[in-house]
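In the numbering used here, the protein residues as written are 4 to 120.
Below is one structure, written out as structure tokens; comments come after it.
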Amino acid sequence: MSLESVMSIHTVDIQLASHAQGSALGRITSYSTAVASAPCRVVPQSLSKQAALLKDGVRITHNVYFVEDRALTTNHRLKFTDAGGSIRFLYVQNFKDPHEMGKFYRAECEERQDIDN
């Protein structure tokens, strides 16, 4: 089994935030799809790892792996439909090449509710 096939068992829509000034509500953020159905692997973070990271003030609920450098920033979120058909929004906290070899890339994400979709 190749690295690419292991890292491509899921797909996500990569969405980019745009910000506008609202009238009385302050800043309004909306998202548009930059890349649809990007192949990846979504891995939930274990509860013990989440707790350890939270002690350092970091909230990471999922790691998402890509074989391509998607150049994600904190202005991106990933729209993921899980096996049960539920839509999850994973907000990118950090994106890096963990081994600095250009083989795969990891987005460290925080799952949040999205009331507007």
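By construction, the Cβ of each residue, glycine as well, lies at the ideal position given by its N, Cα and C atoms.
State the DSSP-derived secondary structure class of residue i, mapped to helix, strand or coil.
i, result
"S21", "strand"
"S40", "strand"
"L93", "strand"
"S33", "strand"
"L75", "coil"
Mind checking whether residue i and residue j have CB atoms under 9 Å apart?
i, j, result
"F98", "F92", "no"
"R62", "M10", "no"
"L3", "Y94", "Nothing can be reported for residue 3: it is not among the residues displayed for the chain, which extend from 4 to 120."
"N66", "A110", "yes"
"H79", "P42", "no"
"D117", "F107", "no"
"S35", "S21", "yes"
Have a look at the DSSP bridge pairing and note the partners of residue i.
i, result
"I63", "According to DSSP, which records beta bridges pairwise, I63 is partnered with nothing at all."
"A110", "V67, F98"
"K82", "D16, F92"
Taking buried to mean at least 16 other C-beta atoms within 10 Å of its own C-beta, is residue i buried or exposed?
i, result
"M104", "exposed"
"E7", "exposed"
"R73", "buried"
"T64", "buried"
"A54", "exposed"
"L57", "exposed"
In its own chain, which residues sit with a C-beta less than 8 Å from the C-beta of residue i, not counting the 5 before and 5 after it?
i, result
"Q24", "R30, I31"
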